[in-house]
Amino acid sequence: MLAGFALNVSHQEIERILFEVEEWWNAAHDQAGVEWLPIDGVMNFLMQDLGYEDVDEFEDALQGSFADFLSAFPQVEVREVDERTLFKCVPQTPGSPRTLTLTVESSKQLLDMTFMKAADAELEIPAIEFAIGADHKRHIDSLYNHLAVAKENLEKHCASLGSDAPERLSILETIGSLSSLLDVEEPFELVVRDPRALSEFKPADGVRSAPMEA
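Here the sequence shown is numbered in my numbering, starting from 7 and rising by one per residue.
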């Protein structure tokens, strides 16, 4: 679902929007004990803060309604009450270390599934012996974009190497493998090592959870 949003909204702007939404909800919840908030208030704030002229321009950038945008994320719930759209954030509580395993069977699955990678989580693709390591920041995007950004980062690194660099060939092979995986030429598994159980998929169909081995 987020793949469409990313066409006109940068990954950094998506993260910024989510940060402001969470801060808005946390302030209201802490100060007034409110659980569900009208979506209009935070949307108007974001439009002004991000420089959009009106709702149409903002939602054109999101390529959908703001309510649908928020609904794509695991930590946000949206509902309609008396013709008003309300939202709430779901605070995360750390849990026991676990692994999450998903078999990817189509490009549509990569595009439609949102993945929230916790700051300390690692995303592994055993079939090509590749991993996106923990980098102390939360990342939320479509599964497709998680892999596409990893491929782009490898391409940039490879371009900075000399033509005779010993690791260049293996990096090019990994880039080619990631390209094939993005096309899902055949099913493959993703494994998330999630030390505090703070990573989430949405929807979670087909995701298998197990205790993480030491």
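All C-beta atoms, glycine included, are put in the ideal place defined by N, C-alpha and C. If you're wondering where the values come from, they're calculated on a predicted model, not measured in any experiment.
- Bridge partners of Ser148 according to DSSP: Thr120.
- When the Cα atoms are used, Leu160 and Asp141 turn out to be separated by approximately 16 angstroms.
- Take Ala137, set aside five residues on each side of it, and the residues of its chain with a beta-carbon closer than 8 angstroms to its own are Glu128, Leu129, Glu130, Ile131, in chain order.
- Straight-line measurement puts the Cα of Leu43 at about 23 angstroms from the Cα of Glu59.
- Distance from the CA atom of Asn151 to the CA atom of Met53, rounded to whole angstroms, is 25 angstroms.
- With a beta-carbon spacing of about 5 angstroms, Ala73 and Val84 fall inside the 8 angstroms limit used to define contacts.
- When the alpha-carbon of Ala78 is set against those of Leu188, Glu219, Arg214, Glu206, the nearest one is in Glu206.
- Residue state for Ala78 is assigned as coil, using DSSP reduced to three classes.
- Contact between the stretch 83-103 and the stretch 178-192 is absent: fewer than 3 CB-CB pairs across the two stretches fall below 8 angstroms.
- Leaving aside the five residues that flank Ile177 on each side, the residues in its chain whose CB is nearer than 8 angstroms to its CB run, in chain order, Leu160, His163, Cys164, Leu167.
- The Cβ neighbour count for Leu175, taken over all protein chains shown within 10 Å, is under 16; the residue is labelled exposed.
- Excluding sequence positions up to five before and after Phe64, its CB lies within less than 8 angstroms of the CB of Met49, Leu52, Met53, Leu56, Tyr58, Phe72, all in the same chain and listed in chain order.
- For Arg144 against Ala124, the beta-carbon gap comes to about 6 angstroms, under 8 angstroms, which counts as contact.
- DSSP places Leu204 in the coil class of the three-state scheme, outside both helix and strand.
- Selection Arg22, Met218, Asp200, Glu19 evaluated against Gly139 yields Asp200 as nearest (Cα-Cα).
- Judged by DSSP in its simplified three-state form, Ser169 adopts coil rather than helix or strand.
- The closest CA to that of Leu153, considering only Gly212, Leu187, Glu179, is found on Leu187.
- For Lys114, the secondary structure class from DSSP, reduced to helix, strand or coil, is helix.
- Ranking Ala133, Ala203, Leu184, Glu28 by CA distance to the CA of Gly101 puts Ala203 first.
- Rounded to the nearest angstrom, the gap between the Cα atoms of Thr99 and Ser169 is 47 angstroms.
- The alpha-carbon of Glu19 is positioned some 29 angstroms away from that of Val87.
- Only residues of its own chain outside the window of five on either side were considered, and among them Ser183 have a CB closer than 6 angstroms to the CB of Ile134, listed in chain order.
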